[in-house]
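> To start, I am sharing the structure in question, which I have written as structure tokens.
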Amino acid sequence: MKPARIIPLVALLLAFTASTSAQVQWPVIPPAGSKERQDEVNKRIAILKAADAELHDKFVACRELSVLGDKSVVPVLAALLSDEKLSHMARYGLEPIQDPSVDEAFRDAIGKLKGPQLVGLLSSIGNRRDAKAVEPVSALLKGPDADVACAAAYALGKIGGAGAAKALEDSLGAAPDTVKASIHDGLIYAGDNFLQAGSLDQARDLYDRLIATKPAGRIYMAAQRGAVLSRGAAAGERLVQLIKSDDDRDFAVALRLVNELQGEALTRASADQLDKILGPKAALLAQALGNRGDKAAIDKLISLAKAGETPARIAAIKALAQLGDGSSVALLVGLARGEGEVAKAAQVALAIIIAPEADAALGAALAEGDAKLKGAIIGILAQRRAPSSAAPLLKAAGDANDEVRLAAISAFGEVATTDDLAGMINLLVNAKSDAELAAADKGLASLAARAGGKEAATAPLLAALASAKPAVKPAILRGLRAAGGPKALAAIRAAAADPDAALRDAGIRALCDWPGVEAAPDLLKIAQTSTDVTHKTLALRGYLRLASDASAPLAERMDMLKQASALADRPEDKRKILGLLSAIPTPEALALVMSHLATPAVKEEAASAAVKIAEKLDESANRAVVEAMTKVVEVTKAADVKKKAQAVLGRAKNGGK
Amino acid sequence: MTRSHLPAKTVSSPSRRQILKRAAAAAAGAMAAPMFIPSSALGKDGATAPSERIVMAGIGIGGRGSHDLNWALSESDTQFVAICDVSAPAREKAKGTIDKKNGNADCKTYRDVREFLAQRTDIDAVICATSERWHSMMSIIAMRAGRDIYCEKPGSMFITEGRAMMETAKRYGRVFQTGTQRRSEANFIFANELAKRGYLGKLHTVYAHTLEIPLNHDWAPAEPEPAKEVFDWNLWLGPVPWRPYNKKWIHGWHGVYDFHTGGIGEWGSHTINQCQMAIGADHTAAIEYKFPGNDTGNGLEARFANGIKLVLNGEGWSKPGRKQMWHGSCGVRYEGSEGSVSVADGYSTPELSNPALLSEFKKLVNEYLERENRPLGHMRDFLNCVKSRRLTVSNASVSHHTMSTNHAANICTWLKRDLKYDPIKEEFLNDPEANRLRTRAWRDPWSA
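From first to last, the protein sequence lines stand for chains A and B. Letter by letter, the first sequence follows residues 1 to 657 in this note's numbering. Letter by letter, the second sequence follows residues 1 to 448 in this note's numbering.
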């Protein structure tokens with residue numbers, strides 16, 4: 001906060017300082033031209049003119065005049081441009097005001113300022129792009145102050161135009177090295193201004209002359225870039241020259257432009273060079289064309305992918321995948337059948353290429369080839385996850401080769417939709433090995449989860465459960481658990497009570513994993529009554545999982561945790577309960593937590609949970625908090641918990657203050 | 001996804017042809033590996049490093065910067081050689097980190113960035129992790145000096161400054177990455193892909209986590225200024241208005257108008273950036289801003305030309321009894337006609353209205369990485385682009401345009417009125433005061 005003070009301008013500042021205090025961002029701005037607006041402006045002008053106003057108040061006045069001010073503030077602010085302490089803030093006030101009087105004031109100040117103030121002034125003149133300032137600013141290029149000369153060079157560059165560019169070029173020969181670098185920058189700016197103004201011929205000549213001076217690398221590359229852009233319709237020709245150049249800097253500029261610039265003509269011009277340059281460069285160019293994303297490069301990339309040096313082929317294959325055009329799919333499938341790095345690259349490309357043709361082509365390819373190729377294609381189809389691939393994968397799941405069959409079952413589980421559920425169940429029922437059974441089990445759960453409780457998913461599973469052999473039923477129950485829905489839950493409940501021990505075990509386990517709170521009473525009952533220790537433990541943990549749903553009402557969660565607390569024997573379960581209770585800021589939760597403070601295995605967790613709850617309770621619970629925190633302070637060995645407990649205790653004893 | 005980008009380290013300076021061949025050979029090993037140009041092509045006038053590592057330096061390496069520095073140091077194709085910082089203790093600390101990594105005491109330290117850039121022409125790229133008053137200006141002077149730059153967010157303090165930074169990157173063909181690292185993280189990529197590829201149906205609303213930090217114009221009395229070799233106060237201030245030294249500002253600049261872009265810029269530089277990526281608005285800004293009736297921008301609604309609404313949400317932190325857009329920090333939420341996704345820091349997986357879509361996670365993330373030829377890892381993306389001259393995933397145009405939305409939202413809250421913005425002309429419509437707030441004069445001698 002600004003320190004309080006009284007100065008003679010009390011009447012003005014009382015209103016003004018309010019706008020400078022914390023949390024107030026900008027004053028309310030009355031409409032332009034209104035008396036109220038002029039009053040606001042006048043208040044700030046008065047501060048700027050007051051000899052006894054504090055520096056900070058003058059700063060704030062300048063800042064606010066940058067928004068409030070009109071031409072009436074220009075002479076006031078301009079008078080401060082030579083003030084060492086206020087020069088910048090005067091520019092701060094003036095620079096945004098779109099009135100010619102600001103430019104006049106800045107030009108007028110050129111001959112009056114020197115050193116840092118003049119450097120700053122030139123920055124503002126450049127930012128405002130005042131063409132009338134070219135002549136006086138040009139004169140500063142050859143002045144004795146190098147900092148001023150450099151600032152003048154930047155200002156001229158930003159202003160741009162033929163006069164500014166000529167002044168910069170004319171001064172280049174005699175300039176010392178320290179200034180020459182800034183003049184080069186100024187010329188780069190000036191060239192850019194020509195480009196933006198559409199003065200391509202002037203830009204081209206400027207860049208070409210600059211390149212001829214053999215400037216430093218940073219300037220050379222910027223000029224080469226500009227030289228391409230200034231060619232307009234002929235930019236492609238110039239770009240090709242850079243691609244072919246033996247100078248690596250030219251090639252770097254070309255790569256950047258291929259990545260950056262739009263236009264089919266440029267794509268074609270670049271792609272035409274793929275078979276005319278050295279392998280490594282071709283690879284780099286192919287990569288850039290892939291990143292560029294223009295399908296106009298496809299034909300040339302296909303040619304490169306077919307023949308050439310391996311790195312270039314690989315880069316072309318990747319670029320084809322990026323471009324995602326169906327015309328390259330046949331080639332990629334063909335390459336994927338081969339051996340080595342090119343085949344591997346083609347397989348990766350097929351996995352990610354966004355082209356519907358790829359799924360059909362891969363599906364067809366799956367019917368042919370050896371087991372190795374089939375395995376690769378199955379892997380690709382699993383990554384692509386196209387529903388249309390389900391049919392060829394199901395067919396491959398009947399392949400004579402064990403590995404192909406297993407891979408196809410796994411992939412089918414990832415790709416299949418609800419429509420394919422019968423096929424999935426069939427794979428499960430007819431699994432030829434434990435591995436196939438496990439893969440089908442996993443696939444069924446995945447597919448059922450994606451179906452998400454839809455009747456279309458549940459009905460076939462229920463039908464299969466009724467007729468399946470015992471070894472398969474646990475998997476179907478897991479599928480039903482993943483599918484969800486009331487009918488699935490009913491079937492799982494029935495299995496959990498089945499006389500057959502194996503089926504009962506599978507039913508209870510499915511119930512313990514059930515995602516919704518509707519299974520909570522079942523789990524509680526199992527935890528309370530089961531004679532099987534494993535089932536009791538699983539049920540309690542499932543129950544706690546349901547109790548951890550933060551979106552459930554607090555009272556419901558509290559009730560569940562109370563029930564669980566009465567059942568929990570193991571320290572890890574008690575810890576879980578304490579963790580959940582710590583997020584329930586009620587006296588009831590505090591009391592339950594405190595009941596665990598005497599249990600050695602979890603006393604520290606109980607102490608920590610009690611503090612977390614107590615910190616959030618309001619004054620109405622002070623009595624319980626004092627009692628609880630007093631005990632926590634006695635019991636805990638954890639210094640941070642004790643410190644927090646003492647703080648809460650002190651606050652509670654103090655009535656919440 | 002693990003990728004090796006590094007051509008084998010050599011003991012002698014290789015020829016250009018050797019370098020190209022080595023890059024090609026490295027790329028041949030794994031299809032996903034990008035190809036690189038030799039470092040002699042980075043504009044250093046032939047000052048090629050003995051190895052093909054990227055020669056780097058850090059500027060303003062403090063808390064966040066230490067993370068960035070360690071991130072870059074962990075990449076095998078970087079070689080840190082210098083630190084530039086206005087604070088002597090910070091210089092020494094960062095030097096210690098680098099020297100420890102390099103196993104020597106060779107890291108040089110500099111106080112003044114002008115001196116540093118002029119003397120160290122061997123450096124390819126810098127990391128800038130000053131606070132935001134310096135971000136654009138540092139990027140501009142570094143790129144103008146021929147260096148590529150990874151610069152922490154927010155990318156700018158005001159709209160015209162961001163434009164100057166973007167134009168510098170273009171004009172000099174430099175590589176710039178703004179530190180919005182979530183663009184290169186799988187959870188956020190997945191959420192963006194769901195939005196971009198129609199899995200959520202027709203998008204209508206995106207929510208961006210912003211913080212509730214209104215800006216102030218606080219001031220503090222002068223304290224004795226340290227010797228500039230110890231702490232250079234004038235350089236610390238850089239291009240923003242002078243004020244007397246008071247140590248409270250050094251770590252207490254958040255919320256101060258001259259130093260900070262407020263709670264909107266603090267987090268919106270990440271989250272609005274994410275939202276604009278998700279809705280395909282990387283190179284534009286929102287066109288309408290509705291004043292939410294508070295100083296923090298919480299609840300501010302903006303609209304893009306494609307009709308999608310952006311809502312700033314300052315209440316993303318988990319609070320009992322409140323409907324959550326997300327749980328945790330730096331969250332975004334995208335809503336479409338067919339569903340929604342929320343994601344924030346610390347999520348194991350994004351939250352989806354249709355959890356079955358999680359089965360698409362790996363596929364969508366991998367397809368994005370391969371299709372866009374991007375790595376997981378924001379620093380890695382920057383380093384790859386330094387070597388391939390490609391635009392980064394959060395390049396200067398992305399930074400400028402997404403920060404324009406941040407700045408316009410700030411201006412809306414400052415002026416307490418609805419605004420309309422033309423992102424092509426970069427002007428507010430019929431609002432001279434808002435237009436003036438697009439710009440601020442830089443303090444001498446700093447200029448773009």
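Every residue, glycine too, gets a C-beta built ideally from N, C-alpha and C. Please read these numbers as outputs of a predicted model, since none were measured by experiment.
With A/Arg292 and A/Leu304 assumed to form a contact (beta carbons below 8 Å), what rounded beta-carbon distance in angstroms separates them?
For the purposes of this step, residue 292 of chain A is taken as the residue at position 292 of the first sequence. For the purposes of this step, residue 304 of chain A is taken as the residue at position 304 of the first sequence. So it is not a contact: roughly 15 Å between Cβ atoms.
> What did DSSP end up calling B/Ile83 once you bin it into helix, strand or coil?
Taking the second sequence and counting its residues from 1, one reaches residue 83 of chain B at position 83. The answer is strand: DSSP assigns B/Ile83 an E or B state.
> Contact defined as beta carbons within less than 8 Å: I believe A/Leu195 pairs with A/Leu168. What is the distance between those atoms, to the nearest angstrom?
Position 195 of the first sequence, counting from 1, holds the residue named residue 195 of chain A. Position 168 of the first sequence, counting from 1, holds the residue named residue 168 of chain A. About 16 Å separates the CB atoms of A/Leu195 and A/Leu168; that is not less than 8 Å, and the two are not in contact.
> Taking the CB atoms as reference points, tell me whether A/Leu284 and A/Ser270 lie closer together than 8 Å.
Against the first sequence, residue 284 of chain A aligns to sequence position 284. Against the first sequence, residue 270 of chain A aligns to sequence position 270. Contact: no.
> A/Ser199 by DSSP, collapsed to three states: which one?
Taking the first residue of the first sequence as 1, we reach residue 199 of chain A at position 199. Three-state DSSP puts A/Ser199 in coil, outside helix and strand.
> Whose Cβ in chain A lies nearer than 9 Å to the Cβ of B/Ser359?
Taking the second sequence and counting its residues from 1, the one referred to as residue 359 of chain B is at position 359. Near B/Ser359 (Cβ distances below 9 Å), the residues of chain A are Arg385, Glu414, Ser446, Ala449, Arg450.
> If you measure beta-carbon to beta-carbon, which residues of the segment 144 to 167 of chain B are closer than 9 Å to chain A?
Arg144, Ala145, Gly146, Arg147, Thr160, Ala164, Glu167
> Considering only their Cβ atoms, is the gap separating B/Glu229 from B/Ala88 smaller than 8 Å?
In the second sequence, counting from the first residue as 1, residue 88 of chain B sits at position 88. In the second sequence, counting from the first residue as 1, residue 229 of chain B sits at position 229. Taking 8 Å as the Cβ cut-off, B/Ala88 and B/Glu229 qualify as a contacting pair.
> Let me see if you follow: with CB-CB separation under 8 Å, is B/Asp106 close to chain A or not?
Working through the second sequence from its first residue, we reach residue 106 of chain B at position 106. Residue contact with chain A for B/Asp106: absent (no Cβ-Cβ distance below 8 Å to any residue of chain A).
> Excluding the 5 residues flanking A/Ala109 on each side, which residues of the same chain have their C-beta closer than 6 Å to its C-beta?
Stepping through the first sequence from its first residue, residue 109 of chain A is reached at position 109. So the list reads Leu81, Leu121, once near-sequence residues are dropped.
> DSSP on B/Val113, reduced to helix/strand/coil?
For the purposes of this step, residue 113 of chain B is taken as residue 113 along the second sequence, with counting starting at 1. Here B/Val113 sits in helix by DSSP.
> What does the Cβ neighbour count give for A/Val28, buried or exposed, with the cut at 16 atoms within 10 Å?
As a first step, residue 28 of chain A must be located in the first sequence, where it is residue number 28. Counting Cβ neighbours within 10 Å, A/Val28 comes out exposed, since fewer than 16 surround it.
> Closest by CA to A/Cys512, which one among A/Gly413, A/Ala527, A/Ala397, A/Pro31?
On the first sequence, position 512 is the one that residue 512 of chain A refers to. Nearest C-alpha to A/Cys512: A/Ala527.
> Take A/Leu489 and list the residues in its own chain whose beta-carbon comes closer than 6 Å to its own, dropping the five residues that flank it on each side.
The residue given as residue 489 of chain A occupies position 489 in the first sequence. Nothing listed; no residue qualifies.
> Using a Cβ-Cβ cut-off of less than 7 Å, give me the residues of the segment 363 to 378 of chain B that come near chain A, in sequence order.
Of all residues in the segment 363 to 378 of chain B, those with a C-beta nearer than 7 Å to a C-beta of chain A are Lys363, Asn366, Glu367, Glu370, Arg371, Asn373, reading in chain order.
> Just checking: is the beta-carbon of B/Thr205 within a distance shorter than 8 Å of some beta-carbon in chain A?
Translated into the one-based positions of the second sequence, residue 205 of chain B becomes position 205. It does not: the Cβ of B/Thr205 has no partner Cβ on chain A nearer than 8 Å.
> Hey, is A/Ser66's beta-carbon within less than 8 Å of any beta-carbon in chain B?
Numbered from 1 along the first sequence, position 66 holds the residue referred to as residue 66 of chain A. Taking CB atoms only, A/Ser66 has a neighbour in chain B less than 8 Å away.
> Quick check on the burial criterion: 16 or more other C-beta atoms within 10 angstroms. Buried or exposed for B/Val113?
Taking the first residue of the second sequence as 1, we reach residue 113 of chain B at position 113. Answer is buried; the Cβ neighbour count reaches 16.
> Could you say which of A/Lys374, A/Ser124, A/Lys300 lies nearest to B/Thr439 if we only look at CA atoms?
Translated into the one-based positions of the second sequence, residue 439 of chain B becomes position 439. Selected option, being the one with the closest Cα: A/Ser124.
> Taking 8 Å as the threshold, find out whether the segment 192 to 205 of chain B comes into contact with the segment 264 to 282 of chain B through three or more Cβ pairs.
yes
> If the cut-off is 8 Å on Cβ atoms, which residues from the segment 416 to 444 of chain B count as contacting chain A, listed in chain order?
Residues Lys416, Pro432, Glu433, Asn435, Arg436, Leu437, Arg438, Thr439, Arg440, Ala441, Trp442, Arg443, Asp444.
> Are B/Arg443 and B/Pro241 close, meaning C-beta to C-beta below 8 Å?
Walking along the second sequence from the start, residue 443 of chain B turns up at place 443. Walking along the second sequence from the start, residue 241 of chain B turns up at place 241. Here B/Arg443 is near B/Pro241, since their CB atoms are less than 8 Å apart.
> Tell me the DSSP secondary structure of B/Glu426 in three-state form.
Locating residue 426 of chain B in the second sequence gives position 426, counting from the first residue. Correct three-state label for B/Glu426: coil.
> From the DSSP output, in three-state form, read off B/Trp442 for me.
Counting from 1 along the second sequence, the entry for residue 442 of chain B is found at position 442. Here B/Trp442 sits in coil by DSSP.
> Taking 8 Å as the threshold (beta carbon to beta carbon), is B/Tyr289 in contact with chain A?
Position 289 of the second sequence, counted from the first residue, corresponds to residue 289 of chain B. It does not; no Cβ of chain A falls within 8 Å.
> Could you tell me the boundaries of the beta strand (DSSP E) in which A/Ser389 lies?
To locate residue 389 of chain A, count along the first sequence from 1; it is residue 389. A/Ser389 -> no beta strand (DSSP E), and no H or E assigned at all.
> Could you name the residues of chain B that A/Phe59 contacts, counting a contact when the two beta carbons are closer than 7 Å?
The sequence position of residue 59 of chain A within the first sequence is 59, counting from 1. In chain order: Pro241.
> Taking Cβ positions only, does A/Ser565 come closer than 8 Å to chain B?
Along the first sequence, read from residue 1 onward, the residue named residue 565 of chain A stands at position 565. Chain B contact via Cβ: absent.
> Whose C-beta lies closer than 6 Å to the C-beta of A/Met560 among residues of the same chain, with five residues either side of it excluded?
Locating residue 560 of chain A in the first sequence gives position 560, where the first residue counts as 1. Taken in chain order, the residues that qualify are Ala547.
> When you compare each of B/Ala441, B/Pro432, B/Ile159, B/Pro445 to A/Pro30 by their alpha carbons, which one comes out closest?
Here residue 30 of chain A corresponds to residue number 30 of the first sequence, with the count starting at 1. Checking every option, the nearest Cα to that of A/Pro30 belongs to B/Pro432.
> May I ask you to list, following chain order, the residues of the segment 296 to 312 of chain B that have a beta carbon less than 9 Å from some beta carbon of chain A?
Within the segment 296 to 312 of chain B, no residue qualifies.
> I'd like to know if B/Ser521 contacts chain A, where contact means its C-beta is closer than 8 Å to some C-beta of that chain.
This structure leaves residue 521 of chain B out entirely; chain B is present only between 1 and 448.
> Could you tell me the distance, in whole angstroms, from the CA atom of A/Asp299 to the CA atom of B/Gly173?
Counting from one through the first sequence, the residue named residue 299 of chain A turns up at place 299. Counting from one through the second sequence, the residue named residue 173 of chain B turns up at place 173. Spanning the two alpha carbons is a distance of roughly 29 Å.
> Out of curiosity, what's the CA-to-CA distance linking B/Val386 and A/Asp250?
As a working mapping, residue 386 of chain B is identified with position 386 in the second sequence. As a working mapping, residue 250 of chain A is identified with position 250 in the first sequence. Spanning the two alpha carbons is a distance of roughly 15 Å.
> What is the DSSP secondary structure of B/Ala28, reduced to helix, strand or coil?
What you label residue 28 of chain B is simply residue 28 of the second sequence in a count that begins at 1. The predicted model places B/Ala28 with a pLDDT of 33, which falls under 50 and marks its position as unreliable, so this point remains unresolved.
> Would the segment 242 to 254 of chain B count as touching the segment 383 to 401 of chain B if we require 3 or more Cβ pairs under 8 Å?
no
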